[in-house]
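Heads up: the sequence shown at position 87 corresponds to 87 in the UniProt record's numbering, and the numbers run straight through without jumps.
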Amino acid sequence: MKAQPELPRPRAALLLLAVALMLGLTLAPQLLRHADGSADTLAALWLCWAMCAGFVRGVGFVPVSRPLRWLLGAPACGLALALAAWRVL
Numbered sequence: 001m002k003a004q005p006e007l008p009r010p011r012a013a014l015l016l017l018a019v020a021l022m023l024g025l026t027l028a029p030q031l032l033r034h035a036d037g038s039a040d041t042l043a044a045l046w047l048c049w050a051m052c053a054g055f056v057r058g059v060g061f062v063p064v065s066r067p068l069r070w071l072l073g074a075p076a077c078g079l080a081l082a083l084a085a086w087r088v089l
């Protein structure tokens, strides 16, 4: 009898993080601007990357492609958050 492959499972913490980022970026976009009022596109890019990775892995989807698995995984979400925090703070 063949062993059943393990089914991906949702990750509540990543999903909650993605929802928090979505709401934060929607309700307070002024946090992503420089002192002169121009947009901080690099911080926005990293936060959107973290949000996408959080949604993808948070709902339990695991991409088949290895590069996409790396780009949309939990470690990538953490890396993107760290880069955004470094940029904003």
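Beta carbons: idealized from backbone N, C-alpha and C, even for Gly.
Bear in mind that the values here come from a model prediction, so they are computed numbers and not experimental data.
Kindly indicate if chain C contains any beta-carbon less than 8 Å away from that of residue i.
{"i": "A80", "result": "The chain labelled as chain C is not found in the depicted structure, where only one protein chain is given."}
Suppose you measure from the CA of residue i to the CA of residue j; what does that come to, to the nearest Å?
{"i": "L77", "j": "G54", "result": "Here the sequence assigns Cys to residue 77, which means Leu is not the residue at that position. C-alpha separation (whole angstroms): 6 Å."}
{"i": "P67", "j": "V19", "result": "24 Å"}
{"i": "L7", "j": "L25", "result": "32 Å"}
{"i": "A28", "j": "A44", "result": "12 Å"}
{"i": "R69", "j": "L31", "result": "29 Å"}
{"i": "L42", "j": "A84", "result": "8 Å"}
Tell me whether residue i sits in a helix, a strand or coil according to DSSP, three-state version.
{"i": "R57", "result": "helix"}
{"i": "R9", "result": "coil"}
{"i": "A28", "result": "coil"}
From this set, the options, which residue's C-alpha is nearest residue i's C-alpha?
{"i": "W22", "options": "W86, P75, M51 and A85", "result": "Per the sequence shown, the amino acid found at residue 22 is Met instead of Trp. Among W86, P75, M51 and A85, the Cα nearest to that of M22 is on M51."}
contact_flag[the segment 7 to 21, the segment 46 to 62] where n(CB pairs < 8 Å) is 3 or more: yes
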